[in-house]
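Sequences listed follow chains A and B, in order. Numbering follows full-length UniProt numbering, with no gaps: position 160 of the first sequence is 160. Numbering follows full-length UniProt numbering, with no gaps: position 109 of the second sequence is 109. The structure appears below as structure tokens.
2 protein chains.
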Amino acid sequence: MATIYDVAQRAQVSPATVSRVLNGQATVDPDLAARVQTAVRDLNYRPNSVARNLRRSRTTLWAVIISDVGNPFFTALVRGVEDVGQRAGYSVVLCNSDEDPAKEARYVTAALEDQMAGVIISSSGRSANVQRLIEAGTPVVAIDRQISGTRVDSVLVDNEHGAELATAHLAEHGYRRIACITGPRTVSTAVQRLRGYQRALAAAGLEAPDSLVRHADFREDGGYAAMASLLDAGDPPDAVFAANNLMTVGAVECLVDRGVAIPAEIGVVGFDEIPGARLFRPSLTTIAQPTYELGRTAATLLAERIAEPDRPPSTVTLQTDLKIRESSQR
Amino acid sequence: MATIYDVAQRAQVSPATVSRVLNGQATVDPDLAARVQTAVRDLNYRPNSVARNLRRSRTTLWAVIISDVGNPFFTALVRGVEDVGQRAGYSVVLCNSDEDPAKEARYVTAALEDQMAGVIISSSGRSANVQRLIEAGTPVVAIDRQISGTRVDSVLVDNEHGAELATAHLAEHGYRRIACITGPRTVSTAVQRLRGYQRALAAAGLEAPDSLVRHADFREDGGYAAMASLLDAGDPPDAVFAANNLMTVGAVECLVDRGVAIPAEIGVVGFDEIPGARLFRPSLTTIAQPTYELGRTAATLLAERIAEPDRPPSTVTLQTDLKIRESSQR
DNA sequence: CTGTTAGCGCCTTCAA
DNA sequence: TTGAAGGCGCTAACAG
């Protein structure tokens, strides 16, 4: 590969001048600039950004740490981050943690070693990983999931309110034994959605026994198993609120497999939109989140923090939207 | 940040020794090694991989260039790449080209400038971008879509055969005017799937007039519009083969909106599996592709090429699988 | 406006 | 087995 010295030599100028031309910094004599441009083309020269990054001691990479890019929720979010990042000159490194704090920790280490310009993280629980980033001075934005005990830029949705809407909606449609399939106890969204569910039940004067609550893993199989467990329990529910998209699909699959009629025998509302929810049988009522916007907002916050590292952290909370379809109305 | 010199000083050794300890290269006196380890911990030292990469003139990044991570097909594929890559010590940089060759070119430039260790690309048509990578000596693997006129490691599926299966299946179920919604003319998969469709029609002794073929953009809206256009044409089809997942969903939405009964009035088969296809109304018959395996295979090929740059390029073709469900059987 | 020079942090020969 | 030293390619002071 040609280096900046090769270009300089061919253009009969100094490497510094080549650098200036390429970076459009200081003003350079048009003649020299033209010679440089020609030499660049002739040699098919491309600046080596590794060297540039070392010299400038900064990079143009963002890490996005999520639990699973296979989940359309995170997909849309990543897409939002990438669109904003690309425009600002950053590339996005994808990190699937699989809800495993150890794997998450490895990615944080990598982000640190690679001197990444920033990190957007939907953390699988422990705040220690985020702490390490902050201590190292790496700009961080928490997305979707809150970081406890640490002040950090955050982009969240109003989970509790969304869950409340979903549950209240079921209560209004006459369901009385409303169950909840939520996520892992360590994940803030799971806790908040459970709380919203409980609040709505209390407001509707309905009971909320622990026997109607399941903690699953935010995955399809987990939703399936949780639904099965609810059906097999002594006094099965007549409705279920599932706290994320994949678990909703799993729960519905379980109901279909067992021949339980939706919404006649069991009403269903899911948190987070499901691609094609409209074409499901029956179509699924969901709490829609602004996923793409979530990503865009986080990326914007990250860019701002990089530009202005000392400003106080801010939290943006986006709203959810109840999409009423067939699965919740009998 | 602490540097290797800080560690050396604290451990009373030379930077070279620290480097040796950290990289497990040459044998180092256990006493010294222990001192180094302690110093590393005390200073919370992390090697700067930007500097390391410059020195070694290689990086641990792979670019994965796809058209849209919002498409579950690419999501699964990326996931496969990341799982293999991570195990081999590589991080994955996500690049959405949006089927735009210019955007794709920008990512190729970035991959070149960032000295990426390798690129996995599902190219939006022109082979020039791949050519640039090859000329620069960057290891490349083509995935999903073929690169014409260039010998390059490739991981593909048997598109023509898959499309043939889909179309023959419709013919066997008594459909006679079978339409095809395929992708852009520049994309190899679109061309091959169209060819498979035509072959199957010929084999079944059915006509294949151009009026039954639409070229859309591989997206949901495109599928919707293409379906609408087919319905509005003089002599509408009694079945449709849609050449990718999102267009299938779009086509079905169009049929639902217009009250056209599936599979009674129109039979539907889609290429590529759709998450939740089983829960759709009606459930959708599809040609399933081994998406995750596609990604894993490409990543494995890339790792092998990096290890052995001069070996001849190889092409792996994976098979598809017809998943018969309700939408194609009247 | 342009060139010279030093050094970002690390690894790796080379010599001891 | 260990240390000294050079240089990966680039940019940013500093001179001129």
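Even glycine gets a Cβ: it sits at the ideal position worked out from N, Cα and C. Bear in mind the structure is a predicted one, so any value in this text is a computation, not a measurement.
What does A51(A) reach in chain B if we use C-beta pairs closer than 7 Å?
-> L54
So which residues on chain A does R281(B) lean against when the C-beta distance must stay under 9 Å?
-> L279, F280, R281, P282, S283
Closest by CA to F280(A), which one among H161(A), A33(A), R325(A), T3(A)?
-> R325(A)
How would you list, in chain order, the residues of chain A whose beta-carbon sits under 8 Å from the beta-carbon of R79(B)?
-> D68, V69, G70, N96
Please check the pair A203(B) and A168(B), which I expect to be a contact at CB under 8 Å, by giving their CB distance rounded to whole angstroms.
-> 7 Å
Could you tell me whether the stretch 266-280 of chain B touches the stretch 249-260 of chain A, where touching means 3 or more Cβ pairs closer than 8 Å?
-> yes
Mind pulling the beta strand (DSSP E) runs of 3 or more residues that sit fully within the stretch 108-140 of chain B?
-> 118-121
Closer than 7 Å at the beta carbon, the chain B residues around Q131(A) | Within chain B, no residue comes near Q131(A); the closest Cβ sits about 12 Å away, beyond 7 Å.
Going by DSSP, name the residue or residues bridged to H215(A).
-> T182(A)
If the cut is a Cβ gap below 9 Å, which residues of chain A does G24(B) touch?
-> Within 9 Å Cβ-Cβ: nothing; G24(B) doesn't reach chain A, min ~16 Å.
I147(A) by DSSP, collapsed to three states: which one?
-> coil
Look at S91(A) and A110(B) and say whether their C-beta atoms are less than 9 Å apart.
-> yes
Out of A136(B), A88(B), L54(B), V69(B), state which residue places its alpha-carbon closest to the alpha-carbon of D114(A).
-> L54(B)
Closer than 9 Å to chain B by CB, I143(A) | no
Compute the distance between the beta-carbons of A163(A) and F241(A), then report whether it is under 9 Å.
-> yes
Using a Cβ-Cβ cut-off of 9 Å, state whether M247(B) counts as contacting chain A.
-> no
Would you say residue 331(B) faces chain A, with C-beta separation under 9 Å as the test?
-> Since the first residue shown for chain B is 1 and the last is 330, residue 331(B) is missing from the structure and cannot be characterised.
Alpha carbon of I4(A) to alpha carbon of A33(A), nearest angstrom = 14 Å
Sheet register partners of G270(A) (DSSP bridge) | A242(A), T286(A)
In chain B, which residues lie with their C-beta within 7 Å of the C-beta of residue 365(A)?
-> Residue 365(A) lies beyond the range of chain A shown here (1 to 330); nothing can be said about it.
D100(A) at chain B interface by Cβ criterion, 9 Å = no
Endpoints, beta strand (DSSP E) assigned at T315(A) = 315-318
Closest residue to R219(A) among R195(A), V108(A), D232(A), V249(A) (Cα-Cα distance) | V249(A)
For I66(A), the residue or residues it bridges with in DSSP = N96(A)
Per DSSP, what kind of secondary structure is D221(B) in: helix, strand or coil?
-> helix
So with Cβ pairs under 9 Å, would you call G267(B) a contact of chain A?
-> no
Report the three-state DSSP secondary structure of S91(B) (helix, strand or coil).
-> strand
Neighbour flag for E113(B) against chain A, beta carbons, 9 Å = yes
Distance between beta carbons of A142(B) and I121(B), contact taken as under 8 Å = 6 Å
If the cut is a Cβ gap below 7 Å, which residues of chain A does G223(B) touch?
-> Ordered by position in chain A, no residue passes the 7 Å Cβ test against G223(B), which lies about 12 Å from the chain.
Beta-carbon of R185(A) versus every beta-carbon of chain B: anything under 9 Å?
-> no
Contact list for G276(B) against chain A, beta-carbon separation under 8 Å = V249, I274, P275, G276, F280
Report back the beta-carbon spacing between S123(B) and D100(B) to the nearest angstrom; my notes put them in contact at under 8 Å.
-> Between D100(B) and S123(B) the Cβ distance is about 12 Å, and since that is not below 8 Å, they are no contact.
In whole angstroms, what is the alpha-carbon distance linking A307(B) and E273(B)?
-> 34 Å
What does a CB cutoff of less than 7 Å around L302(A) pick up in its chain, not counting 5 residues either side in sequence?
-> W62, G118, I120, P139, V141
Cα-Cα separation, G85(A) to G270(B) = 34 Å
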